[in-house]
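I have placed the structure first, in the form of structure tokens, so that the comments after it can refer back to it.
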Amino acid sequence: MSRKYQGLIVLNTKSLDETVDELVSSVAKEIEAEGGKIDKVTQLGRRQFAYNARHLEAGHYVKYSFTGEPDVIAKLQARLTLNGKVHLQHFQRIA
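Shown next as structure tokens:
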């Protein structure tokens, strides 16, 4: 049973070797590798944090809308935690 999800990912663009678009697409590939099917990717841009978090002053916000099985979120969180360019991640199910 496939469900719809939305993920807000904050990317660490400090000392970035590739472009932001390449980083956004690499995270989308990781979502697809875990069984999610990307519906829409919305780049919200670079935003300042209210306070310095882990020595970062700002991050690039990206919203991913995708469908997948119920266990895809746990797999994604484990996989993206290992990615050094992902600063924060938040997923929610869309009704």
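Position one of the sequence shown corresponds to residue 1494 (the numbering used here), numbered consecutively onward.
Every residue gets a Cβ at the ideal spot worked out from N, C-alpha and C, and that includes glycine.
message: Please identify the residue among 1528, 1513 and 1544 whose C-alpha is closest to the C-alpha of residue 1560.
response: 1528
- prompt: Near residue 1580, what residues of its chain come up, given a Cβ to Cβ distance below 6 Å and the 5 sequence neighbours on each side ignored?
  reply: 1503, 1505 and 1552
message: One question on the structure: do residue 1556 and residue 1537 come within less than 8 Å of each other, judged by their Cβ atoms?
response: yes
- request: Pull up the distance between the alpha-carbon of residue 1497 and that of residue 1563, whole angstroms please.
  value: Cα to Cα, the separation comes out at about 9 Å.
query: Thinking C-alpha only, which one of 1584, 1558 and 1534 is nearest residue 1567?
result: 1584
query: In three-state terms, what does DSSP make of residue 1522?
result: helix
- prompt: Going by DSSP, which residues form a beta bridge with residue 1583?
  reply: Answer is 1501.
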